[in-house]
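The sequence shown begins at 17 in our numbering and counts up one residue at a time. In this text, a Cβ means the ideal position worked out from N, Cα and C, and glycines have one as well. Please read all numbers here as calculations on a predicted model, not as lab measurements. The structure appears right after this line, and notes come after that.
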Amino acid sequence: MLHMMLRPRWVLALLAALAVAAGFALLGQWQIERAVEQAVVVERPTEEVRPLADIAVPDGPTEQAATGQRVEVTGAFVPGDTVIIGGRLNDGVAGYWVVAHLEVTDAAPGGLPVALGWAADADTARAAAERFDGGAGAGDETTVVGRFLPSEAPMAPADDADPQSMQTVAVAHLINVWADYDDRPVYFAYVTATGPAAGLEAISSPPPEESVELNWLNVFYAVEWVVFAGFAVFLWYRLVRDAVERERDEAEAAASGIAPGGGPLGD
């Protein structure tokens, strides 16, 4: 085998196989770099309070970069449009949110749901909502600081539940509940207020988790290229071994007087 490998023909073949393997290895490295690049987390300053006008506009989707951002927004709450949202967890405890309708005035005008606070039972939440709607200054301009989150999908209530009950902060549902809200701009998101309304507890709204996840498809491709690189060298080795075995068979055939084709020598 060693003598066969050292022949110029097979040395050149080995160099070609190594060149092909190196190309495959570079492609594998590129795929790994792609997987790592896509797994890098871009840190966002979500805890810096920014004006709502800087991150969102009404009647538009909530961008990923704006999700979880703490914002400041000024507007006037609309009395009578406050609703109760059930099934809301606060530090693992199920309860209710009181969600009010804020008409934004310091950014592009539009309706914006604001979660005012959390209550452990429906009666407390309902009393807080009534107190908020009938409170002094209701309808006056006010400033809210909280976390900006995308609208949730509507959820149908259970068969035995109140058909008007809500389990999610779904803007598509809320605009049908808000009084006289016809064809006006609306933000397809909501804000969880940092300071709770009277009679409510503050909503636990932690910063969004930044998860790191490799692109396993790129990793799989990288492994494939490494296998191809190894196969290129193995193919060269296999061809060399076949050449050695062929010469050995020809030598044995010549020694026994049999031609390579199977007939006697001289035919």
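Hey, residue 72 and residue 209: beta-carbon distance below 8 Å or not? no
Locate the beta strand (DSSP E) running through residue 157, then write down its first and last residues. First-last of the beta strand (DSSP E) with residue 157: 157-166.
Whether residue 36 touches residue 248 by CB criterion (8 Å): yes
Rounded straight-line distance, which links the Cα of residue 193 to that of residue 173: Rounded to the nearest angstrom, the two C-alpha atoms are 15 Å apart.
Using the Cβ count rule (16 or more neighbours within 10 Å means buried), how would you classify residue 42? Result: exposed.
Does the stretch 65-80 come into contact with the stretch 179-186, if we say contact requires no fewer than three beta-carbon pairs (one atom in each stretch) closer than 8 Å? Using a C-beta cut-off of 8 Å, the stretch 65-80 makes no contact with the stretch 179-186, since fewer than three inter-stretch Cβ pairs fall below that distance.
Determine the direct distance from the alpha carbon of residue 239 to that of residue 245, and round the result to whole angstroms. Whole-angstrom Cα-Cα distance: 10 Å.
Taking C-beta to C-beta, are residue 191 and residue 127 nearer than 8 Å? yes
Among 158, 105, 87 and 250, which one has its Cα closest to the Cα of residue 33? 250
Can you give the beta carbon distance from residue 154 to residue 213, rounded, assuming they're within the 8 Å contact cut? Going by Cβ atoms, the distance from residue 154 to residue 213 rounds to 11 Å, so no, they are not a contact pair.
With a CB to CB cut of under 8 Å and the five nearest residues on each side skipped, what residues in its chain are close to residue 235? Excluding positions up to five away in sequence, the list reads 47, 48 and 51.
Should residue 120 go down as buried or exposed, given a rule of 16 or more other Cβ atoms within 10 Å for buried? buried
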